[in-house]
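Notes for the one structure printed next.
Chains as they are written, first to last, in this note's numbering: chain A, 302 to 589; chain B, 38 to 321.
And the structure:
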């Protein structure tokens, strides 16, 4: 009787374990099935490198190059802002801060992670957008920069908590050794701790970027959504995610536009898959 | 924001079979964001008079409403544009025969910031601005400032109407498009907010959204016509050049509860609600 119980429970857990992989596979298959249909009417080259996105015109122009550039620009901007601040924050929490401040900071960062992105987008629209407009004397504050700043806030909690974790798991003896050899506190952090935790920090950065590139609601609200290839970070952009979110409601099921949105989904899936795999590689490197 | 929420709620509610069932006596109305307040007002009054009936109204955009009608998840689609040929073909494949009912009129206001000195434009000038051929307010008697074009997203019937009737001037062969640099905002309220904070912005939305923080432009059909302000009288008498019909679409000729609701919307009382929600009643 006990054996049967063990057997059943074991199999149940096995099914639970396999379920997630099964769902990912199903989602990917569905994406492929719907998305690849667009290439019956548009060549993959024209789709990826076309400069015009007019999906509801006759004939539709389905070129997603401006959208890819939009996503990359916003992500790059967010990375430039969030990585130094995030890693700096992690170093402070892990190495320098007294226990009390450490607790407060950690709680604050977790709270930042808990703010829904639509709320951040709304706050950004009211406060950040006019600020960006006035500082740079722009015709409009709905720009890639506004999106980058807001997304940096969203990437920060991920970067800080994973990087802090990585720093924490560096063996204490490393630091003690460095200090015993006469290194200052900063030298020990910069020359010993950070290199020792580098793979973990890189993983933190990759996961933060993964969060940014998939973010939708906040970017849709504050980047202006104009489908042009951006000439600088101070112009409006339209991202891949915002395009799907804004247009899926309209697209008639089974139309070219509908398939094109799924094809954008495939591209997003590939990008975030690549980022996650890279992050995973770094994490495994650290464990060895 | 509220409309986005309503849309999300409506999507969630579709998964609950109780709401989607056709024979429970409840009526699902869905579609145009422009019309969602009107639909809601009709539904409230209608349910007040017929407590046994239930009418659920959700937004999402004209295209969203029509695709729900086609997939059979709503009874009435509200739309601020005509149904497309492609959509009819698709509907017929699924055994649905869209039936068009004109329920109200809407004047589209073109608005700018009150600080902008420009007061009147022609339809040609509007086309030049929104396609990106004219880029500076100086050309229209304003300050030396780049024009910031605001448009609705492509799922909006207002976007489609504006493109077809202003940019393309009703010419089906025209290839005019919104300037690629036009900002696509997700709601009429977002356009209102951006216009009230940006002296260089120009946007468009249904007349009902006009407030003191935006200045509606007077529009003339061509250079020889009078410039007319977007008011209810000017839309009724046809002087204001940018007005459009608002439609309700049903599957086939409406019957039973759906017919009852549509009859109410078209009645004197229903049309008074149209007026109260800042739209223009259809002529009787």
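A virtual CB, placed ideally from N, CA and C, is assigned to each residue, including glycine.
Three-state secondary structure (DSSP) of residue i
{"i": "residue 212 of chain B", "result": "coil"}
{"i": "residue 355 of chain A", "result": "strand"}
{"i": "residue 539 of chain A", "result": "coil"}
{"i": "residue 522 of chain A", "result": "helix"}
{"i": "residue 288 of chain B", "result": "strand"}
{"i": "residue 451 of chain A", "result": "helix"}
{"i": "residue 308 of chain B", "result": "helix"}
{"i": "residue 170 of chain B", "result": "coil"}
{"i": "residue 350 of chain A", "result": "helix"}
{"i": "residue 546 of chain A", "result": "helix"}
{"i": "residue 143 of chain B", "result": "strand"}
{"i": "residue 251 of chain B", "result": "coil"}
{"i": "residue 242 of chain B", "result": "strand"}
{"i": "residue 370 of chain A", "result": "helix"}
{"i": "residue 360 of chain A", "result": "coil"}
Chain A contact for residue i (CB, 7 Å cutoff)
{"i": "residue 189 of chain B", "result": "no"}
{"i": "residue 192 of chain B", "result": "yes"}
{"i": "residue 165 of chain B", "result": "no"}
{"i": "residue 148 of chain B", "result": "no"}
{"i": "residue 220 of chain B", "result": "yes"}
{"i": "residue 302 of chain B", "result": "no"}
{"i": "residue 104 of chain B", "result": "yes"}
{"i": "residue 124 of chain B", "result": "yes"}
{"i": "residue 281 of chain B", "result": "no"}
{"i": "residue 58 of chain B", "result": "Confidence in residue 58 of chain B is poor, its pLDDT being 41 and thus under 50, which makes the residue's placement too unreliable to answer from."}
{"i": "residue 204 of chain B", "result": "no"}
{"i": "residue 151 of chain B", "result": "no"}
{"i": "residue 176 of chain B", "result": "no"}
{"i": "residue 237 of chain B", "result": "yes"}
Proximity test, Cβ basis, 7 Å: residue i and chain B
{"i": "residue 409 of chain A", "result": "no"}
{"i": "residue 364 of chain A", "result": "no"}
{"i": "residue 391 of chain A", "result": "no"}
{"i": "residue 548 of chain A", "result": "yes"}
{"i": "residue 553 of chain A", "result": "yes"}
{"i": "residue 537 of chain A", "result": "yes"}
{"i": "residue 435 of chain A", "result": "no"}
{"i": "residue 343 of chain A", "result": "no"}
{"i": "residue 417 of chain A", "result": "no"}
Residue i, buried or exposed, once every other Cβ within 10 Å from all chains shown has been counted against 16
{"i": "residue 324 of chain A", "result": "exposed"}
{"i": "residue 181 of chain B", "result": "exposed"}
{"i": "residue 344 of chain A", "result": "exposed"}
{"i": "residue 130 of chain B", "result": "exposed"}
{"i": "residue 408 of chain A", "result": "exposed"}
{"i": "residue 228 of chain B", "result": "buried"}
{"i": "residue 381 of chain A", "result": "exposed"}
{"i": "residue 486 of chain A", "result": "exposed"}
{"i": "residue 231 of chain B", "result": "buried"}
{"i": "residue 474 of chain A", "result": "exposed"}
{"i": "residue 9 of chain B", "result": "Residue numbering for chain B in the displayed model covers 38 to 321; residue 9 of chain B lies beyond these limits and cannot be assessed."}
Inter-residue spacing [alpha-carbon to alpha-carbon] between residue i and residue j
{"i": "residue 260 of chain B", "j": "residue 159 of chain B", "result": "6 Å"}
{"i": "residue 240 of chain B", "j": "residue 147 of chain B", "result": "6 Å"}
{"i": "residue 56 of chain B", "j": "residue 170 of chain B", "result": "With a pLDDT of 42 at residue 56 of chain B, under the threshold of 50, the modelled position of that residue is not reliable, and no figure is offered here."}
{"i": "residue 99 of chain B", "j": "residue 75 of chain B", "result": "14 Å"}
{"i": "residue 175 of chain B", "j": "residue 448 of chain A", "result": "30 Å"}
{"i": "residue 215 of chain B", "j": "residue 168 of chain B", "result": "5 Å"}
{"i": "residue 136 of chain B", "j": "residue 288 of chain B", "result": "6 Å"}
{"i": "residue 113 of chain B", "j": "residue 414 of chain A", "result": "41 Å"}
{"i": "residue 294 of chain B", "j": "residue 80 of chain B", "result": "12 Å"}
{"i": "residue 358 of chain A", "j": "residue 561 of chain A", "result": "14 Å"}
{"i": "residue 389 of chain A", "j": "residue 422 of chain A", "result": "25 Å"}
{"i": "residue 506 of chain A", "j": "residue 575 of chain A", "result": "14 Å"}
{"i": "residue 237 of chain B", "j": "residue 498 of chain A", "result": "50 Å"}
{"i": "residue 184 of chain B", "j": "residue 517 of chain A", "result": "27 Å"}
{"i": "residue 419 of chain A", "j": "residue 303 of chain A", "result": "51 Å"}
{"i": "residue 68 of chain B", "j": "residue 377 of chain A", "result": "37 Å"}
{"i": "residue 65 of chain B", "j": "residue 301 of chain B", "result": "15 Å"}
{"i": "residue 350 of chain A", "j": "residue 373 of chain A", "result": "14 Å"}
{"i": "residue 265 of chain B", "j": "residue 161 of chain B", "result": "15 Å"}
{"i": "residue 327 of chain A", "j": "residue 370 of chain A", "result": "29 Å"}
{"i": "residue 365 of chain A", "j": "residue 522 of chain A", "result": "20 Å"}
{"i": "residue 235 of chain B", "j": "residue 586 of chain A", "result": "51 Å"}
Distance between beta carbons of residue j and residue i, contact taken as under 8 Å
{"i": "residue 145 of chain B", "j": "residue 248 of chain B", "result": "Not quite, the Cβ-Cβ distance comes to about 16 Å (not below 8 Å), so this is no contact."}
{"i": "residue 526 of chain A", "j": "residue 204 of chain B", "result": "18 Å between Cβ atoms; not a contact."}
{"i": "residue 455 of chain A", "j": "residue 512 of chain A", "result": "6 Å"}
{"i": "residue 483 of chain A", "j": "residue 451 of chain A", "result": "The Cβ separation is near 44 Å, so there is no contact."}
heavy atom of the ligand ATP below 6 Å from residue i C-beta
{"i": "residue 201 of chain B", "result": "Absence of the ligand ATP is noted for the structure shown, with no ligands found whatsoever."}
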